[in-house]
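*Asks:* Using my numbering, you'd call the opening residue of the sequence shown number 110 and step up by one each time.
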Amino acid sequence: MLLGLGFFFGLAFEEFYATANQKRPGGIRTFPLLALTGALLYRLDPTRLVPLAVGLLVLGLWLACYYWRRLDETDVEGFPNVGLVVPVCNVLAYLLGPVALAEPTWVPVGMTVAAVLLLTARPELHRFARRVELAEIVNAGRFLLLTGFALPLLPDTPVTDLTPITPHQVWLAMVAVCTVSYASYLLQRYVAPPGGGLLVALLGGLYSSTATTLVLARQARTDPAALRTSDAGIILATSVMYLRLLVVILVFNRVLAMALLAPLVGLFGLALVVALAWYFLGERGGGSKAPDAAPGNPLELTTAATFAALFVIISIATAWATQRFGSAGTYALAAIVGVSDIDPFVLNLAQGDASHITVATGASAILIAASSNNVVKAVYALVYSKGQTRVAAGMLVLLAVLGIAVAAGG
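Structure representation (structure tokens):
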């Protein structure tokens, strides 16, 4: 395995620099020899690692001499030859030996594959780095803070008698929604082609079906030729909303997700079929395309704080309405919250106390909230398109009626 990994790494290294008409130390013979040397020196003293450290020191000194001689040279593009890729690759090949002996197989294999991908994808990575704005790097840092830093620090015990929801559950719910929204945002901004038809609407549905409806409705008003795409895109975004809700609920409450599986998948399938049929079989107009503008980033700290506050408020309101009015109170609250963002309400039911809300009540309330949200989106579609997107608005109302009918039957 070690010989194979060294050979694979050296082949990629040598081929990469041969393509660039450059000669660098390392390659298809050097890397396997370095890997075997590291393994042998590790086996001589696997406890104190003295021979391995001496070998690493000798290799480092040789690479330092090479690097010092290259500092005054320039590469093919005229820049100073101060890159550390060549020394790092040689050191990595040397360390493959001890890693292969001391760690599970997946560690050296994964390390080698990652190194080869990073080495050979240099042009693509540099082009991507030039495309990414500084604000996007800040947003990625915010995402890491939300998920990897803040979440583990929050207590997983209730802090008030008003709701059984813990701070950890509040943040986890927000992280779940932000992860889906952030992934959709990145795909829509950096992967989806401009004017990508229904692809932008599909990704927008993962991000926010309401925001996508507003964008497409404005598109239909300003560009009548894009009406068919706008109608189909609005319906498609709502269909994806059902699937997104099901996936998020499944993360927190498998029983509730199973109860909603049939109705949510059914509504998703119906909306998907209608969207595709209208797009491909409806009246065609010239120049129809999806709007090119990417949505606003979902990771603004103000947005995160608002979501957390809404989650807590809705949790308290749900517990109060259920205790005071029973299931009817929960259903009324579901209809009200559908006017705005339904994610806090849905996640509250998914993580809520089962003694207050049964699975059947929770499933019906989620369907009512989604249906109420569809009615609001239908109004948005008609208002922002000045009545142009009647097909999409009618379909949203039909989905709302079907959702309420299923909730009433449940």
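Note that the Cβ used here is the ideal one computed from N, Cα and C, for glycine as well.
#1: For residue 495, which residues of its own chain have a beta-carbon under 8 angstroms away from its beta-carbon, when the five flanking residues on both sides are left out?
#2: Buried or exposed: which applies to residue 399, given that a residue is buried once 16 or more other Cβ atoms fall within 10 Å of its Cβ?
#3: Three or more C-beta pairs under 8 angstroms: does that hold for the region 222 to 230 against the region 148 to 159?
#4: Please state whether the Cβ-Cβ distance between residue 478 and residue 500 is less than 8 angstroms.
#5: Leaving out the 5 sequence neighbours to the left and right, which residues in its chain are closer than 6 angstroms to residue 209 when beta-carbon positions are compared?
#6: Near residue 515, which residues of its chain fall below 7 angstroms by C-beta distance, leaving aside the five closest residues on each side in sequence?
#7: Would you say the beta carbon of residue 502 is closer than 7 angstroms to some non-hydrogen atom of the ligand FMN?
#8: Between which two residues does the alpha helix (DSSP H) holding residue 341 run?
#9: Whose C-alpha, out of 207, 234, 504 and 177, is nearest the C-alpha of residue 383?
#10: Looking at the secondary structure, which residues open and close the alpha helix (DSSP H) in which residue 258 lies?
#11: Quick check: residue 147 and residue 196, are their CB atoms within less than 8 angstroms of each other?
#12: Among 221, 517 and 239, which residue has its Cα nearest to the Cα of residue 299?
#13: Considering only the beta carbon of each residue, do residue 313 and residue 347 sit closer than 8 angstroms?
#14: Compare the Cα-Cα distances from residue 433 to each of 452, 445 and 466 and report the closest residue.
#15: Would you report the Cα separation of residue 518 and residue 447, rounded to the nearest angstrom?
#16: Is the Cβ-Cβ distance between residue 201 and residue 173 less than 8 angstroms?
#17: May I ask you to report which of helix, strand or coil DSSP gives residue 241?
#18: Which of the three DSSP states is assigned to residue 132 in this structure?
#19: Measuring CB to CB, does residue 502 end up less than 8 angstroms from residue 491?
#20: Which whole-angstrom value is the C-beta distance of residue 365 and residue 459, which I expect to be below 8 angstroms?
#21: Look at residue 498 and residue 386 and say whether their C-beta atoms are less than 8 angstroms apart.
#22: Please list, in chain order, all residues of the same chain as residue 444 whose beta carbon is under 6 angstroms from its beta carbon, the five residues on each side excluded.
#23: Just to confirm, is the Cβ distance from residue 150 to residue 164 under 8 angstroms?
#24: Indicate whether residue 221 and residue 117 have their beta-carbon atoms separated by less than 8 angstroms.
#25: Do residue 115 and residue 141 have their beta-carbon atoms positioned less than 8 angstroms apart in this structure?
#26: Return the Cβ separation of residue 358 and residue 369 in integer angstroms, given the expectation that the two are a contact with Cβ distance under 8 angstroms.
#27: Whole angstroms are fine: how far does the CA of residue 233 sit from the CA of residue 367?
#28: Would you mind stating whether residue 508 and residue 390 have Cβ atoms separated by less than 8 angstroms?
#29: How far does the alpha helix (DSSP H) with residue 263 in it extend, from its first residue to its last?
#30: Determine the closest residue to residue 388 out of 339, 483, 363 and 144, with distance taken between C-alpha atoms.
#31: Starting from residue 512 and walking both ways along the alpha helix (DSSP H), at which residues does that stretch end?
#32: Kindly indicate which residue of 483, 441, 493 and 328 has the alpha-carbon position closest to the one of residue 470.
*Replies:* According to the data block:
#1: 330
#2: Since pLDDT at residue 399 reaches only 47, below the 50 mark, its modelled position is unreliable, and no value is offered.
#3: no
#4: no
#5: 111 and 217
#6: 372 and 476
#7: Although the ligand FMN was asked about, the structure shown includes no ligands whatsoever.
#8: 336 to 361
#9: 504
#10: Neither: residue 258 is in no alpha helix (DSSP H) and is coded neither H nor E.
#11: no
#12: 239
#13: no
#14: 466
#15: 20 angstroms
#16: no
#17: coil
#18: coil
#19: yes
#20: 6 angstroms
#21: no
#22: 477 and 481
#23: yes
#24: yes
#25: yes
#26: 6 angstroms
#27: 42 angstroms
#28: no
#29: Looking at the DSSP string, residue 263 is not in any alpha helix (DSSP H), and its letter there is neither H nor E.
#30: 339
#31: 499 to 518
#32: 441
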